[in-house]
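**Q** Residue numbers for the sequence shown, in our numbering: 6 to 191. Just so it is clear, CB atoms sit at the ideal spot from N, CA and C, and this is done for glycine as well. The structure is given below, and queries will be raised subsequently.
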Amino acid sequence: MSRPQRFALPTVPREAPPAEPVFIGLGANLGQRAEHLRAALAAMDALPGTRVQRVSPLYASAPVDADGPDYLNAVAELGTALAPEALLAALQSIEQAAGRQRPYRHAPRPLDLDILWFGDRVIATPGLAVPHPRMAGRAFVLRPLADLVPQRIAPAALQAVAGQAIARVQGPDWAAGSFSIEPSKI
């Protein structure tokens, strides 16, 4: 696997205390899917002022509104001192380093990273909407999110997506060694 490309980020001291918990949806349906997700966790953990805190089990799901291979999906909880826009730019750089192209909406991709929640903020700008506007209708987001923060996911929301095909393929240990906190100790 090739080395991630370098990208420019605002300078934030590495030891800066994370101000808010952020939840990131991870998905991949091209290439070495699990490796792309592990590399993304490592890249996020290396961002200035950012630490991966926890990661969900790994799930497999069919593409939504598109054709292509099945996805592997997970959710990661980060602590970050980055501003939302800076984090979004960093996530997009990580996607590009993994070979992400955007030829059309819902195109297959080696890596997809979405900000699901940024603390309790509501953000509505032309380039960023938080909470993620389509997460409530997607089992591949809600199931792994419920593994991390079950108190924040209404049972009715999980019932609403119960008909969507999704399968847990591995516990949180799939990400072992990808970031500074071992998932088995969470």
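Mind checking Glu-100: buried by the 16 CB within 10 Å criterion, or exposed?
**A** What you label residue 100 is simply residue 95 of the sequence shown in a count that begins at 1. That one is buried.
**Q** Could you please give me the residues that DSSP links to Leu-77 through a beta bridge?
**A** Counted from its first residue, the sequence shown places residue 77 at position 72. Per DSSP, Ala-33, Ala-65.
**Q** Which whole-angstrom value describes the C-beta separation of Val-135 and Phe-123, a residue pair presumed to lie in contact below a C-beta threshold of 8 Å?
**A** Locating residue 135 in the sequence shown gives position 130, counting from the first residue. Locating residue 123 in the sequence shown gives position 118, counting from the first residue. Indeed, because the Cβ distance is near 5 Å, the residues count as touching under 8 Å.
**Q** Expressed to the nearest angstrom, what Euclidean distance is found between the alpha-carbon atoms of Glu-40 and Gly-73?
**A** For this step, residue 40 is matched to residue 35 along the sequence shown. For this step, residue 73 is matched to residue 68 along the sequence shown. Taking the straight line from one Cα to the other gives about 19 Å.
**Q** Find the nearest neighbour of Arg-173 within the set Ala-71, Leu-77, Asp-50, Leu-92, judged by alpha-carbon distance.
**A** Stepping through the sequence shown from its first residue, residue 173 is reached at position 168. Ranking the options by Cα distance to Arg-173, first place goes to Leu-77.
**Q** What is the DSSP secondary structure of Val-127, counted as helix, strand or coil?
**A** On the sequence shown, position 122 is the one that residue 127 refers to. Reduced to three states, the DSSP call for Val-127 is coil.
**Q** On the DSSP letters alone, give me the boundaries of the alpha helix (DSSP H) that Gln-97 sits inside.
**A** For the purposes of this step, residue 97 is taken as residue 92 along the sequence shown, with counting starting at 1. Taken as a continuous stretch (DSSP letters only), the alpha helix (DSSP H) holding Gln-97 covers 89-102.
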